[in-house]
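>
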Amino acid sequence: MAFVACTSSCSNSKQGNKLYQFDENADTRWSSPENLNGEKGQGGKENNTAKGHPSDSIPAGRSKALLDIQGQGVIDRIWITINDRSPEMLRSLKIEMFWDGETKPAVSVPFGDFFGNGLAKTAAFENELFVSGEGRSFSCFIPMPFKKGAKIVVTNESGKSLHDLYFDVNYTLSPITDNSLYFHAFWHRDTSTVLAKDFELLPNVRGNGRFLGVNIGVNANPQYRKSWFGEGEVKYYMDSDDKYPTLNGTGTEDYIGTGWGQGKFINRFAGCTIANDTLLQWAFYRYHIKDPIFFKNNLRVAMQQIGGAETDSVAAYLKEGAPLIAVTTQDGKLHPFYNNTEKFDPSKPGSPKGWTNFYRRDDISATAYFYLDKPSSDLPALQPVAIRKTQLRDKKIK
1 MAFVACTSSC SNSKQGNKLY QFDENADTRW SSPENLNGEK GQGGKENNTA KGHPSDSIPA
61 GRSKALLDIQ GQGVIDRIWI TINDRSPEML RSLKIEMFWD GETKPAVSVP FGDFFGNGLA
121 KTAAFENELF VSGEGRSFSC FIPMPFKKGA KIVVTNESGK SLHDLYFDVN YTLSPITDNS
181 LYFHAFWHRD TSTVLAKDFE LLPNVRGNGR FLGVNIGVNA NPQYRKSWFG EGEVKYYMDS
241 DDKYPTLNGT GTEDYIGTGW GQGKFINRFA GCTIANDTLL QWAFYRYHIK DPIFFKNNLR
301 VAMQQIGGAE TDSVAAYLKE GAPLIAVTTQ DGKLHPFYNN TEKFDPSKPG SPKGWTNFYR
361 RDDISATAYF YLDKPSSDLP ALQPVAIRKT QLRDKKIK
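The sequence shown begins at 1 in full-length UniProt numbering and counts up by one.
(1) Return the Cβ separation of L93 and P110 in integer angstroms, given the expectation that the two are a contact with Cβ distance under 8 angstroms.
(2) Ends of the beta strand (DSSP E) at E310?
(3) Once DSSP output is grouped into helix, strand and coil, what is the label at I387?
(4) Check for me: the alpha helix (DSSP H) holding S252 runs from which residue to which?
(5) Does the Cβ-Cβ distance between G321 and E231 come in under 8 angstroms?
(6) Among T341, A220, E39, N297, which one has its Cα closest to the Cα of N204?
(7) DSSP on Y236, reduced to helix/strand/coil?
(8) Please identify the residue among R388, A381, Y224, P349 whose C-alpha is closest to the C-alpha of N357.
(9) Hey, how far is the Cα of F269 from the Cα of K64?
(10) The beta strand (DSSP E) spanning D363 covers which residue range?
(11) Would you grab the beta carbon distance between L271 and N127 for me? Rounded to a whole angstrom, and I think it's under 8 angstroms.
(12) What first and last residue would you give for the alpha helix (DSSP H) that runs through R189?
(13) Around the Cβ of W260, are there at least 16 other Cβ atoms within 10 angstroms (buried) or fewer (exposed)?
(14) Could you tell me the alpha carbon to alpha carbon distance between W228 and F114, rounded to whole angstroms?
(15) Pick out whichever of D394, A302, S137 has its Cα sitting closest to the Cα of Y244.
(16) Provide the residue(s) that pair with N357 in DSSP beta bridges, ordered along the chain.
(17) In this structure, does DSSP put E88 in helix, strand or coil?
(18) Classify V169 as buried or exposed, calling it buried when 16 or more other Cβ atoms lie within 10 Å of its own Cβ.
(19) Can you tell me the Cβ-Cβ gap for K147 and Q70, rounded? I've got them flagged as a contact below 8 angstroms.
(20) Whole angstroms are fine: how far does the CA of E46 sit from the CA of Q262?
(21) Spell out the partners DSSP gives L299 in its beta bridges.
(22) Keeping to the same chain, check which residues put their C-beta closer than 7 angstroms to that of N25; ignore five residues upstream and five downstream.
(23) Using three-state DSSP, classify Q223 as helix, strand or coil.
(24) In its own chain, which residues sit with a C-beta less than 7 angstroms from the C-beta of K160, not counting the 5 before and 5 after it?
(25) Among all the DSSP beta bridges, which residues are the ones paired with A275?
(26) Tell me, please, which residues DSSP counts as bridged to Y166.
(27) With H, G and I counted as helix, E and B as strand and the rest as coil, what does DSSP make of K199?
(28) Less than 8 angstroms separating the beta-carbons of K353 and D331?
(29) Which value, in whole angstroms, describes the spacing of the CA atoms of Q42 and L212?
(30) Note the first and the last residue of the continuous beta strand (DSSP E) segment covering F138.
(31) Look at Q391 and T193 and say whether their C-beta atoms are less than 8 angstroms apart.
(32) In whole angstroms, what is the alpha-carbon distance linking S86 and F370?
(33) Have a look at the DSSP bridge pairing and note the partners of Q72.
(34) Mind checking whether M238 and L299 have CB atoms under 8 angstroms apart?
(35) Buried or exposed for E39, going by 16 or more other Cβ atoms inside 10 Å?
Rendered as structure tokens:
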């Protein structure tokens, strides 16, 4: 199978992405409150064309379709702004996308997290796939092909009304190639990960496709004080990989292209929008645009839950009752402990002292983005709103 490797600048035109070329088969449409679904010649009719319907509201427990069309084409851009951008609202709203008349959504993700705001906290940033120029808007530039129809729905599960919803969904109606893939996104949270069990950024998904990337949010466990959370390696189990993955990184901050810790930075393909060692929170992303990841049968993506600190600190965490399993100590050479005959015991004479890695338990959430050769998948449904918005953490960690 051939794969379409689109970036935010790609075009579905047979002539490629040359800006100066005309495509006679393409019809441009915008869906907004002033012209829902972008119907031909029907925009701005209310209030005698004088800004009669610039926004909508979504009462508690209700949904709003931003787009519901038949036909063939590509969604090129989604822009939204809302009046309530609190973490509670951003986690309580969910955005869903349906392709070609499917009843199961290909995308079902908390609103803020979908638009690249890890931990449901807004930030001003711009990368290859998402933009929020001043932290007050939500823009997505991922191309989303559809062959028979497209539907985008936002549902308010917050318990209170969202008074102001402004949006544009920009799309092009035109023929697309048979091997064009469908866009999918999956979100998951574990408020307390299991010791020595990897957190799944993407559970096993079957089919042919391309992994686009992920944004990750970490509420670090205060039982480990201000120790480093990000020693865990990111692993890609693809095309019938079993015990061991084909793609294996070297550490969490290494995965996003930095090293020796992780501060705030915003780059095109990787970055960290939140690095707060007072709240013990980090939000970061990696998008595989220049380094595509294709899979032909299946894909599962996981991140180890490993942190690190100096030996005496790790011993203190253990003494205080923090859940951990020592993995290695580096004192010029690497001393392994996990599944090894040597036991981690810093009080023992001659025991190694140095940087010690250890399995730990943290609160992790992640949104994975990918293309698939089918309009729906067998991934689990979005977790309930109670799990999504609990322990959002806005107070200083002692």
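Note that the Cβ used here is the ideal one computed from N, Cα and C, for glycine as well.
In this text, all values refer to a predicted model and were calculated from it rather than measured experimentally.
The relevant details are as follows:
(1) Residue mapping note: residue 93 aligns to position 93 of the sequence shown, counting from 1. Residue mapping note: residue 110 aligns to position 110 of the sequence shown, counting from 1. Indeed they touch by this definition, with Cβ atoms about 7 angstroms apart.
(2) As a first step, residue 310 must be located in the sequence shown, where it is residue number 310. Here the beta strand (DSSP E) through E310 covers 306 to 310.
(3) Position 387 of the sequence shown, counted from the start, is the residue given in the question as residue 387. I387: helix per DSSP, three-state reduction.
(4) Indexing the sequence shown from 1 puts residue 252 at position 252. Note on residue identity: the sequence assigns Thr, not Ser, to residue 252. Counting along the chain, the alpha helix (DSSP H) containing T252 begins and ends at 252 to 255.
(5) Translated into positions along the sequence shown, residue 321 becomes position 321. Translated into positions along the sequence shown, residue 231 becomes position 231. No, the pair does not count as a contact, with Cβ atoms beyond the cut-off.
(6) As a first step, residue 204 must be located in the sequence shown, where it is residue number 204. The option with the nearest alpha carbon to N204 is N297.
(7) Position 236 of the sequence shown, counted from the start, is the residue given in the question as residue 236. Correct three-state label for Y236: strand.
(8) For the purposes of this step, residue 357 is taken as residue 357 along the sequence shown, with counting starting at 1. Taking only the C-alpha atoms, the option nearest N357 is Y224.
(9) The sequence position of residue 269 within the sequence shown is 269, counting from 1. The sequence position of residue 64 within the sequence shown is 64, counting from 1. Their Cα atoms are separated by approximately 31 angstroms.
(10) Taking the first residue of the sequence shown as 1, we reach residue 363 at position 363. First-last of the beta strand (DSSP E) with D363: 363 to 372.
(11) Locating residue 271 in the sequence shown gives position 271, counting from the first residue. Locating residue 127 in the sequence shown gives position 127, counting from the first residue. According to the sequence as given, residue 271 is Gly; it is not Leu. Right, the Cβ-Cβ distance comes to about 6 angstroms (below 8 angstroms), so this counts as a contact.
(12) Translated into the one-based positions of the sequence shown, residue 189 becomes position 189. Not the alpha helix (DSSP H): R189 falls in the beta strand (DSSP E), residues 182 to 190.
(13) As a working mapping, residue 260 is identified with position 260 in the sequence shown. Per the 10 Å Cβ criterion, exposed.
(14) As a working note, residue 228 is residue 228 in the sequence shown. As a working note, residue 114 is residue 114 in the sequence shown. Approximately 26 angstroms between the Cα atoms of the pair.
(15) What you label residue 244 is simply residue 244 of the sequence shown in a count that begins at 1. If we check each option's Cα against that of Y244, A302 comes out closest.
(16) Taking the sequence shown and counting its residues from 1, one reaches residue 357 at position 357. Answer is G308, T328, bridged to N357.
(17) Here residue 88 corresponds to residue number 88 of the sequence shown, with the count starting at 1. Three-state DSSP puts E88 in a helix.
(18) Position 169 of the sequence shown holds residue 169. Under this definition V169 is a buried residue.
(19) For the purposes of this step, residue 147 is taken as residue 147 along the sequence shown, with counting starting at 1. For the purposes of this step, residue 70 is taken as residue 70 along the sequence shown, with counting starting at 1. So it is not a contact: roughly 11 angstroms between Cβ atoms.
(20) Counting from one through the sequence shown, the residue named residue 262 turns up at place 262. Counting from one through the sequence shown, the residue named residue 46 turns up at place 46. Between Q262 and E46, the C-alpha separation is close to 50 angstroms.
(21) Taking the sequence shown and counting its residues from 1, one reaches residue 299 at position 299. DSSP lists V205, M238 as partners of L299.
(22) Against the sequence shown, residue 25 aligns to sequence position 25. Excluding residues within five positions, the ones whose Cβ falls inside 7 angstroms are S174, P175.
(23) Here residue 223 refers to the residue found at position 223 of the sequence shown. Residue state, collapsed to three classes: helix.
(24) Numbered from its first residue, the sequence shown carries residue 160 at position 160. Taken in chain order, the residues that qualify are A60.
(25) On the sequence shown, residue 275 is found 275 positions in, with the first residue counted as 1. Bridge partners of A275: W282.
(26) Here residue 166 corresponds to residue number 166 of the sequence shown, with the count starting at 1. DSSP lists T81 as partners of Y166.
(27) The residue you call residue 199 lines up with position 199 of the sequence shown. Reading the sequence as shown, one finds Phe at residue 199 and not Lys. Reduced to three states, the DSSP call for F199 is strand.
(28) Your numbering for residue 353 matches position 353 in the sequence shown. Your numbering for residue 331 matches position 331 in the sequence shown. Yes. Within cutoff.
(29) Locating residue 42 in the sequence shown gives position 42, where the first residue counts as 1. Locating residue 212 in the sequence shown gives position 212, where the first residue counts as 1. If I take the Cα positions, the gap works out to 36 angstroms.
(30) The residue labelled residue 138 in the question sits at position 138 within the sequence shown. 138 to 140 is the span of the beta strand (DSSP E), which, as asked, contains F138.
(31) What you label residue 391 is simply residue 391 of the sequence shown in a count that begins at 1. What you label residue 193 is simply residue 193 of the sequence shown in a count that begins at 1. Cβ distance not < 8 angstroms, so Q391 and T193 don't count as in contact.
(32) Residue numbering aside, residue 86 sits at position 86 when the sequence shown is read from its first letter. Residue numbering aside, residue 370 sits at position 370 when the sequence shown is read from its first letter. Looking at the two C-alpha atoms, the distance is approximately 27 angstroms.
(33) Locating residue 72 in the sequence shown gives position 72, where the first residue counts as 1. Paired residues: none, contrary to the question.
(34) Against the sequence shown, residue 238 aligns to sequence position 238. Against the sequence shown, residue 299 aligns to sequence position 299. The answer is yes: Cβ separation under 8 angstroms.
(35) Here residue 39 is taken as the residue at index 39 of the sequence shown, counted from 1. The residue in question, E39, is exposed, as its Cβ has fewer than 16 Cβ neighbours within 10 Å.
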